[in-house]
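Novice: Position one of the sequence shown corresponds to residue 0 (numbering that gives the first Met the number 0), numbered consecutively onward.
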Amino acid sequence: MRAVGKRFATGVTALDGIDLNIHRGEFLSLLGPSGCGKSTLLRIIAGLSEPSSGVRRLSLAMDRTGKIPAGRIGFVFQDPTLMPWCSVVDNVLLPFRLAGRIGSAERERADAEIQSVGLGGFERAYPRQLSGGMRMRVSIARALVTDPDLLLLDEPFAALDEITRMALNDDLMRLWENRRPTVVFVTHSVFESVYLSTRIAVMTPRPGHVVAELPVDLPQPRQRSLRTSPRYAALCATVSEQLAKAMAVRSAVDGV
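1) Distance, Cα to Cα, residue 102 vs residue 112?
2) With DSSP as the reference, please indicate the residues paired to residue 102 in a beta bridge.
3) The alpha helix (DSSP H) that contains residue 45, what's its start and end?
4) Taking DSSP's pairing of strands, which residues face residue 202 in a bridge?
5) Could you tell me whether the stretch 185-200 touches the stretch 214-225, using the rule of 3 or more Cβ pairs below 8 Å?
6) If we require 4 or more residues per run, which alpha helix (DSSP H) segments fall completely within the stretch 123-202?
7) Beta strand (DSSP E) containing residue 75: first to last residue?
8) Determine the extent of the alpha helix (DSSP H) in which residue 89 is found, giving its start and end residues.
9) Considering only C-alpha positions, which residue in the set 23, 18 and 94 is nearest to residue 40?
10) Could you tell me whether the Cβ atoms of residue 136 and residue 118 are closer together than 7 Å?
11) Measuring alpha carbon to alpha carbon, tell me which residue in 142, 3 and 175 is nearest residue 77.
12) Take residue 15 and list the residues in its own chain whose beta-carbon comes closer than 8 Å to its own, dropping the five residues that flank it on each side.
13) Would you report the Cα separation of residue 83 and residue 180, rounded to the nearest angstrom?
14) From 128, 36 and 24, pick the residue whose C-alpha is nearest to that of residue 11; which is it?
15) Between which two residues does the beta strand (DSSP E) holding residue 256 run?
16) Can you tell me which of 120, 116 and 242 puts its alpha carbon nearest to the alpha carbon of residue 168?
17) Output yes or no for whether 7 Å exceeds the beta carbon distance between residue 26 and residue 201.
18) Taking the straight line between their C-alpha atoms, what separation do you get for residue 267 and residue 227?
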(Lines of atoms letter the chains of each structure in order from A and count residues from 1; the text may use other names and numbers.)
(Lines give C-alpha, C1' and ligand atoms only; values in the text may rest on other atoms or scores of the structure.)
Protein backbone atom coordinates (compact mmCIF):
# COMPACT_ATOMS: atom_id res chain seq x y z
CA MET A 1 0.00 0.00 0.00
CA ARG A 2 1.27 3.41 -0.99
CA ALA A 3 -0.23 6.64 0.43
CA VAL A 4 -3.56 4.87 0.99
CA GLY A 5 -6.30 7.07 2.38
CA LYS A 6 -10.00 6.56 3.02
CA ARG A 7 -12.62 9.28 3.33
CA PHE A 8 -16.25 8.29 3.69
CA ALA A 9 -19.25 10.07 2.20
CA THR A 10 -20.09 11.35 5.68
CA GLY A 11 -16.89 13.41 5.58
CA VAL A 12 -15.05 11.22 8.10
CA THR A 13 -11.43 10.52 7.16
CA ALA A 14 -10.59 7.05 8.47
CA LEU A 15 -7.10 6.58 7.00
CA ASP A 16 -4.43 9.01 5.90
CA GLY A 17 -1.24 8.19 3.97
CA ILE A 18 -0.83 4.50 4.79
CA ASP A 19 2.48 3.12 3.50
CA LEU A 20 2.81 -0.58 4.28
CA ASN A 21 4.33 -3.71 2.77
CA ILE A 22 2.92 -7.09 3.81
CA HIS A 23 5.28 -9.96 3.11
CA ARG A 24 4.35 -13.46 2.03
CA GLY A 25 4.07 -15.90 4.93
CA GLU A 26 4.38 -13.37 7.74
CA PHE A 27 1.97 -12.79 10.66
CA LEU A 28 1.37 -9.05 10.78
CA SER A 29 -0.73 -7.41 13.49
CA LEU A 30 -2.35 -4.00 12.98
CA LEU A 31 -2.32 -2.47 16.47
CA GLY A 32 -4.09 0.69 17.47
CA PRO A 33 -6.92 2.16 19.55
CA SER A 34 -10.57 1.53 18.73
CA GLY A 35 -11.75 3.66 15.83
CA CYS A 36 -8.29 4.23 14.30
CA GLY A 37 -9.24 2.65 10.96
CA LYS A 38 -7.77 -0.83 11.43
CA SER A 39 -10.92 -2.58 10.19
CA THR A 40 -11.23 -0.15 7.28
CA LEU A 41 -7.64 -0.91 6.28
CA LEU A 42 -8.32 -4.65 6.49
CA ARG A 43 -11.32 -4.29 4.18
CA ILE A 44 -9.17 -2.36 1.69
CA ILE A 45 -6.56 -5.13 1.78
CA ALA A 46 -9.34 -7.66 1.12
CA GLY A 47 -10.72 -5.64 -1.79
CA LEU A 48 -14.06 -5.16 0.01
CA SER A 49 -13.53 -1.39 0.01
CA GLU A 50 -11.65 0.88 -2.35
CA PRO A 51 -9.22 3.53 -1.07
CA SER A 52 -10.13 7.15 -1.68
CA SER A 53 -6.50 7.88 -2.49
CA GLY A 54 -3.27 5.99 -2.95
CA VAL A 55 -2.57 2.56 -4.40
CA ARG A 56 -3.20 -0.98 -3.13
CA ARG A 57 -1.49 -3.82 -4.98
CA LEU A 58 -2.06 -7.47 -4.14
CA SER A 59 0.27 -10.17 -5.44
CA LEU A 60 -1.54 -13.52 -5.41
CA ALA A 61 -1.85 -16.28 -7.99
CA MET A 62 -4.14 -15.16 -10.83
CA ASP A 63 -6.42 -17.24 -13.00
CA ARG A 64 -6.36 -17.11 -16.81
CA THR A 65 -8.57 -14.00 -16.84
CA GLY A 66 -6.12 -12.10 -14.64
CA LYS A 67 -8.38 -12.22 -11.59
CA ILE A 68 -7.65 -13.60 -8.12
CA PRO A 69 -9.58 -16.88 -7.78
CA ALA A 70 -12.30 -16.98 -5.14
CA GLY A 71 -11.03 -18.46 -1.90
CA ARG A 72 -7.44 -17.19 -2.11
CA ILE A 73 -8.39 -14.68 0.61
CA GLY A 74 -10.00 -15.80 3.87
CA PHE A 75 -11.73 -13.25 6.12
CA VAL A 76 -12.71 -13.71 9.78
CA PHE A 77 -14.93 -10.91 11.07
CA GLN A 78 -15.36 -9.65 14.65
CA ASP A 79 -18.68 -11.49 14.81
CA PRO A 80 -18.67 -15.13 13.64
CA THR A 81 -21.48 -14.29 11.14
CA LEU A 82 -22.73 -17.87 11.00
CA MET A 83 -25.96 -18.90 9.30
CA PRO A 84 -28.20 -19.81 12.29
CA TRP A 85 -30.25 -22.30 10.26
CA CYS A 86 -27.13 -24.20 9.13
CA SER A 87 -25.17 -26.82 11.03
CA VAL A 88 -21.45 -26.46 11.72
CA VAL A 89 -20.51 -28.47 8.65
CA ASP A 90 -22.91 -26.54 6.40
CA ASN A 91 -21.52 -23.23 7.66
CA VAL A 92 -17.97 -24.39 6.89
CA LEU A 93 -19.10 -25.57 3.43
CA LEU A 94 -20.59 -22.14 2.62
CA PRO A 95 -17.65 -20.89 0.46
CA PHE A 96 -17.94 -24.00 -1.72
CA ARG A 97 -21.73 -23.64 -1.91
CA LEU A 98 -21.37 -20.03 -3.06
CA ALA A 99 -18.89 -21.19 -5.70
CA GLY A 100 -21.40 -23.80 -6.89
CA ARG A 101 -19.37 -26.87 -6.05
CA ILE A 102 -20.20 -29.31 -3.27
CA GLY A 103 -18.77 -32.77 -3.78
CA SER A 104 -16.99 -35.45 -1.79
CA ALA A 105 -13.67 -33.56 -1.95
CA GLU A 106 -15.25 -30.41 -0.54
CA ARG A 107 -17.00 -32.35 2.24
CA GLU A 108 -13.75 -34.08 3.15
CA ARG A 109 -12.04 -30.70 3.26
CA ALA A 110 -14.75 -29.26 5.53
CA ASP A 111 -14.53 -32.26 7.88
CA ALA A 112 -10.74 -31.85 8.06
CA GLU A 113 -11.02 -28.15 8.94
CA ILE A 114 -13.62 -28.84 11.62
CA GLN A 115 -11.19 -31.31 13.16
CA SER A 116 -8.31 -28.85 12.85
CA VAL A 117 -10.11 -26.23 14.98
CA GLY A 118 -11.05 -28.78 17.65
CA LEU A 119 -14.74 -29.19 16.84
CA GLY A 120 -14.80 -32.88 15.97
CA GLY A 121 -18.12 -34.32 17.10
CA PHE A 122 -19.98 -31.01 16.64
CA GLU A 123 -20.45 -31.26 12.87
CA ARG A 124 -24.26 -31.43 13.14
CA ALA A 125 -24.62 -28.85 15.91
CA TYR A 126 -26.25 -25.47 15.22
CA PRO A 127 -24.75 -22.09 16.20
CA ARG A 128 -27.26 -21.61 19.03
CA GLN A 129 -25.91 -24.79 20.62
CA LEU A 130 -22.31 -23.53 20.67
CA SER A 131 -20.38 -21.23 22.99
CA GLY A 132 -18.91 -17.96 21.71
CA GLY A 133 -15.47 -19.52 21.39
CA MET A 134 -16.85 -22.50 19.48
CA ARG A 135 -18.72 -20.24 17.06
CA MET A 136 -15.49 -18.36 16.38
CA ARG A 137 -13.76 -21.68 15.71
CA VAL A 138 -16.43 -22.42 13.09
CA SER A 139 -15.77 -19.03 11.50
CA ILE A 140 -12.02 -19.73 11.37
CA ALA A 141 -12.64 -23.19 9.85
CA ARG A 142 -14.84 -21.59 7.18
CA ALA A 143 -12.09 -19.08 6.35
CA LEU A 144 -9.48 -21.85 6.11
CA VAL A 145 -11.50 -24.37 4.12
CA THR A 146 -10.39 -22.96 0.75
CA ASP A 147 -6.73 -23.00 1.87
CA PRO A 148 -6.27 -19.23 1.38
CA ASP A 149 -2.95 -17.57 0.64
CA LEU A 150 -4.00 -14.51 2.65
CA LEU A 151 -5.93 -14.77 5.94
CA LEU A 152 -7.44 -11.57 7.37
CA LEU A 153 -8.78 -11.49 10.93
CA ASP A 154 -10.65 -8.49 12.32
CA GLU A 155 -10.42 -8.60 16.15
CA PRO A 156 -11.87 -12.12 16.17
CA PHE A 157 -11.31 -12.72 19.89
CA ALA A 158 -12.18 -9.30 21.33
CA ALA A 159 -15.57 -10.34 22.74
CA LEU A 160 -14.33 -13.56 24.37
CA ASP A 161 -13.27 -14.17 27.95
CA GLU A 162 -9.54 -14.20 28.66
CA ILE A 163 -9.23 -17.99 29.07
CA THR A 164 -11.00 -18.70 25.77
CA ARG A 165 -9.05 -15.93 24.04
CA MET A 166 -5.70 -17.38 25.12
CA ALA A 167 -6.72 -20.85 23.98
CA LEU A 168 -7.75 -19.55 20.57
CA ASN A 169 -4.50 -17.57 20.30
CA ASP A 170 -2.65 -20.86 20.74
CA ASP A 171 -4.84 -22.61 18.18
CA LEU A 172 -4.36 -19.82 15.65
CA MET A 173 -0.58 -19.98 16.15
CA ARG A 174 -0.60 -23.72 15.57
CA LEU A 175 -2.64 -23.36 12.36
CA TRP A 176 -0.34 -20.62 11.05
CA GLU A 177 2.83 -22.56 11.89
CA ASN A 178 1.51 -25.65 10.06
CA ARG A 179 0.36 -23.84 6.91
CA ARG A 180 2.14 -20.47 6.79
CA PRO A 181 -0.46 -18.35 5.01
CA THR A 182 0.10 -14.62 5.08
CA VAL A 183 -1.89 -13.35 8.08
CA VAL A 184 -3.04 -9.81 8.85
CA PHE A 185 -4.57 -9.63 12.33
CA VAL A 186 -6.38 -6.59 13.73
CA THR A 187 -6.21 -6.06 17.49
CA HIS A 188 -6.05 -3.34 20.13
CA SER A 189 -4.30 -5.65 22.61
CA VAL A 190 -0.54 -5.14 23.00
CA PHE A 191 -0.15 -8.53 24.71
CA GLU A 192 -2.04 -10.40 21.97
CA SER A 193 -0.12 -8.69 19.18
CA VAL A 194 3.27 -9.57 20.69
CA TYR A 195 2.30 -13.17 21.36
CA LEU A 196 0.98 -13.85 17.87
CA SER A 197 2.98 -11.75 15.45
CA THR A 198 6.20 -11.77 13.53
CA ARG A 199 5.73 -8.00 12.97
CA ILE A 200 3.48 -5.27 14.39
CA ALA A 201 2.32 -2.12 12.62
CA VAL A 202 1.31 0.57 15.14
CA MET A 203 -1.40 3.02 14.06
CA THR A 204 -2.39 6.45 15.32
CA PRO A 205 -5.97 7.37 16.31
CA ARG A 206 -8.23 8.41 13.43
CA PRO A 207 -7.29 9.26 10.80
CA GLY A 208 -5.16 6.14 11.03
CA HIS A 209 -1.55 6.33 9.98
CA VAL A 210 1.20 3.75 10.49
CA VAL A 211 3.86 5.36 12.68
CA ALA A 212 5.95 2.31 13.69
CA GLU A 213 6.71 -1.18 12.38
CA LEU A 214 8.20 -3.47 15.01
CA PRO A 215 9.67 -6.94 14.37
CA VAL A 216 8.78 -9.56 16.98
CA ASP A 217 11.81 -11.78 17.40
CA LEU A 218 10.42 -14.51 19.65
CA PRO A 219 11.00 -18.26 19.36
CA GLN A 220 8.77 -20.43 17.18
CA PRO A 221 6.62 -22.31 17.84
CA ARG A 222 5.15 -20.06 20.50
CA GLN A 223 4.51 -21.72 23.86
CA ARG A 224 2.23 -20.50 26.66
CA SER A 225 5.24 -20.25 28.95
CA LEU A 226 6.41 -17.38 26.72
CA ARG A 227 3.75 -15.14 28.27
CA THR A 228 5.63 -15.10 31.60
CA SER A 229 9.14 -14.71 30.17
CA PRO A 230 11.24 -11.54 30.62
CA ARG A 231 11.77 -11.31 26.87
CA TYR A 232 8.01 -11.24 26.20
CA ALA A 233 7.49 -8.64 28.93
CA ALA A 234 10.24 -6.45 27.48
CA LEU A 235 8.74 -6.58 24.00
CA CYS A 236 5.28 -5.75 25.38
CA ALA A 237 6.81 -2.73 27.12
CA THR A 238 8.46 -1.59 23.87
CA VAL A 239 5.24 -1.94 21.89
CA SER A 240 3.25 -0.17 24.63
CA GLU A 241 5.72 2.72 24.47
CA GLN A 242 5.33 2.97 20.68
CA LEU A 243 1.55 2.93 21.02
CA ALA A 244 1.71 5.72 23.61
CA LYS A 245 3.87 7.75 21.20
CA ALA A 246 1.33 7.16 18.43
CA MET A 247 -1.43 8.50 20.67
CA ALA A 248 0.73 11.52 21.51
CA VAL A 249 1.38 12.24 17.82
CA ARG A 250 -2.34 12.51 17.12
CA SER A 251 -2.97 14.55 20.27
CA ALA A 252 -0.30 17.04 19.16
CA VAL A 253 -1.87 17.29 15.71
CA ASP A 254 -5.28 17.94 17.27
CA GLY A 255 -3.80 20.53 19.66
CA VAL A 256 -4.77 18.57 22.77
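In this text, a Cβ means the ideal position worked out from N, Cα and C, and glycines have one as well.
Specialist: Reading it off the structure:
1) As a first step, residue 102 is located in the sequence shown; it is residue number 103 there, counting from the start. As a first step, residue 112 is located in the sequence shown; it is residue number 113 there, counting from the start. Computed Cα separation, rounded: 16 Å.
2) One-based indexing of the sequence shown puts residue 102 at position 103. Looking at the DSSP assignment, residue 102 forms no beta bridge with any residue, so it has no partner.
3) Translated into positions along the sequence shown, residue 45 becomes position 46. Its alpha helix (DSSP H) spans residues 37-45.
4) As a working note, residue 202 is residue 203 in the sequence shown. Residue 202 is bridged to 209.
5) Yes: at least three Cβ pairs fall under 8 Å.
6) 131-143, 161-178 and 189-195
7) As a working note, residue 75 is residue 76 in the sequence shown. Start and end: 72-75.
8) Stepping through the sequence shown from its first residue, residue 89 is reached at position 90. Its alpha helix (DSSP H) spans residues 87-91.
9) As a position in the sequence shown, residue 40 is number 41, starting the count at 1. Answer by Cα proximity: 18.
10) The residue labelled residue 136 in the question sits at position 137 within the sequence shown. The residue labelled residue 118 in the question sits at position 119 within the sequence shown. In this structure, residue 118 lies closer than 7 Å to residue 136 by Cβ.
11) Taking the first residue of the sequence shown as position 1, residue 77 is located at position 78. Checking every option, the nearest Cα to that of residue 77 belongs to 142.
12) As a first step, residue 15 is located in the sequence shown; it is residue number 16 there, counting from the start. Same-chain partners within the cutoff: 4, 206, 207 and 208.
13) Looking up residue 83 in the sequence shown gives position 84. Looking up residue 180 in the sequence shown gives position 181. C-alpha separation (whole angstroms): 29 Å.
14) For the purposes of this step, residue 11 is identified with residue 12 of the sequence shown, where counting begins at 1. It is 36.
15) A question about residue 256 goes unanswered here, because the residues of the chain that appear run from 0 up to 255.
16) Residue 168 sits at position 169 when you count from the first residue of the sequence shown. For residue 168, the nearest C-alpha among the options comes from 116.
17) Along the sequence shown, read from residue 1 onward, the residue named residue 26 stands at position 27. Along the sequence shown, read from residue 1 onward, the residue named residue 201 stands at position 202. No, the pair does not count as a contact, with Cβ atoms beyond the cut-off.
18) The structure shown has nothing for residue 267, since the chain only spans 0 to 255.
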